[in-house]
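**Q** Just passing along the structure, written as structure tokens.
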Amino acid sequence: MSDHQNLLAEQRRALILDEVRRRGGVRVNELTRRLNVSDMTVRRDLDALARQGVVEKVHGGAVPVAEATTHEPGFEAKSALELSAKEDIARAAAEMAVRGSAIALAGGTTAYALAQRLVDVPDLTIVTNSVRVAEVFHTAQRAAPGTPARPGAATVVLTGGVRTPSDTLVGPVADAAIRSLRFDVLFIGVHGISAEAGLSTPNLAEAETNRHFVRSARRVVALADHTKWGTVGLSSFATLDEVDALVTDAGLPATARAEIAERLPELVVAGANPGSPGRGADGFRPVG
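Residue 165 in full-length UniProt numbering sits at position 165 of the sequence shown, and the numbers go up by one each step.
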């Protein structure tokens, strides 16, 4: 049985979506051969992706949907995309977390993946506007009755605010809480990242809250899989000059890596060949 046959449905759909975006469209018969699954399975996957609003079905296949700059997918829709890339990014970003530091984790599915790895880093103070991220730490720290709390468990501060489709809390309440704090490092996911627009999001209120996160952090680390490069949301909240490091995945093309490396102090390519040089002429550090 092939590796593709063993994929979970959401992983298979993420592969299909990546192929649609990369090539500008796919045919059902091409996907059945590549994934080694039935025609009916591919059509069900395309139906599911069409319901999420990320592809448009056409005769014999599918093409990408050109998203408006104001379109904001929900948490569940985004969580099914680029699963392996997000795990690679989370693994690499967790290596940047220093015991005893104050860490801000903005909302999003990549930050959620990172949170699941940070639960094992001792003595952190975590400030987040993500209900999902806070729940990760709460679940990890929930001790069985009669057992002591886990030593070194993180102190978690959840900002208040108004909930967005991506399950983040934004608005004046969140902004005021963030303004009053200072963080050693901010890990922030993005809807889009580009040389011209910097980091962006389709949600105006979330953009403002993210600006406060950026201003309150000594070090800003952006988390973005390769599909985010070149995407621009309605509102920019940080220029590339305000970002200290970008953690992305090995799917990012070499041309984009070179462009980013010229603009950022550090580019970490998660999942890259571990035998590659630490920081080569193209200016990026691969993490296996």
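All C-beta atoms, glycine included, are put in the ideal place defined by N, C-alpha and C. Here the structure is a predicted model, which is why all the values come from computation and not from measurement.
Measuring only the C-alpha atoms, how far is E208 from L46?
**A** Cα-Cα distance, rounded: 35 Å.
**Q** Please give me, in chain order, every unbroken run of the alpha helix (DSSP H) with length at least 4 that falls completely inside the region 195-274.
**A** Within the region 195-274, the complete alpha helix (DSSP H) runs of at least 4 residues are 204-215 and 254-263.
**Q** List the DSSP bridge partners of F183.
**A** Its beta-bridge partners are A217.
**Q** Using the Cα positions of D175 and A85, report the straight-line distance between them to the nearest angstrom.
**A** Taking the straight line joining both Cα atoms gives about 30 Å.
**Q** Label R114 either buried or exposed according to how many other C-beta atoms from any shown protein chain fall within 10 Å of its C-beta, with 16 as the threshold for buried.
**A** With the sequence shown as reference, residue 114 is identified as Leu, and Arg is not the correct amino acid for it. Buried, since its Cβ has 16 or more Cβ neighbours within 10 Å.
**Q** Check whether the Cβ atoms of T125 and T159 lie closer than 8 Å to each other.
**A** It is not a contact, given that the beta carbons lie outside the stated cut-off.
**Q** Hey, could you find the ends of the alpha helix (DSSP H) T139 is sitting in?
**A** It spans V131 to Q141 - the alpha helix (DSSP H) in which T139 sits, taken as one unbroken run.
**Q** Excluding the five sequence neighbours on either side, which residues of its own chain have a C-beta within less than 6 Å of the C-beta of V131, listed in chain order?
**A** Cβ neighbours of V131 beyond the five flanking positions: D167.
**Q** I'd like the list of long-range same chain contacts for A134, defined as Cβ closer than 6 Å, with 5 residues on each side in sequence excluded.
**A** Same-chain partners within the cutoff: T128, V156 and L158.
**Q** Please return the same chain residues whose Cβ sits closer than 6 Å to the Cβ of T231, not counting the five positions on each side in sequence.
**A** Closer than 6 Å at Cβ, skipping near neighbours: G192.
**Q** Would you mind giving the Cβ-Cβ distance between V55 and V28, rounded to the nearest angstrom? I have them listed as a contact below 8 Å.
**A** Their Cβ separation, rounded to whole angstroms, is 12 Å, which puts V55 and V28 out of contact at 8 Å.
**Q** Residues in the same chain with beta-carbon distance under 7 Å from A140, minus the five sequence neighbours each way, listed in chain order, please.
**A** Cβ within range, chain order: V119.
**Q** If we call anything under 8 Å between Cβ atoms a contact, is A217 one with L186?
**A** A contact, by the Cβ cut-off of 8 Å.
**Q** Evaluate R257 with the Cβ neighbour count: other Cβ atoms within 10 Å of its Cβ, from every protein chain shown; 16 or more gives buried, anything less gives exposed.
**A** Result: buried.
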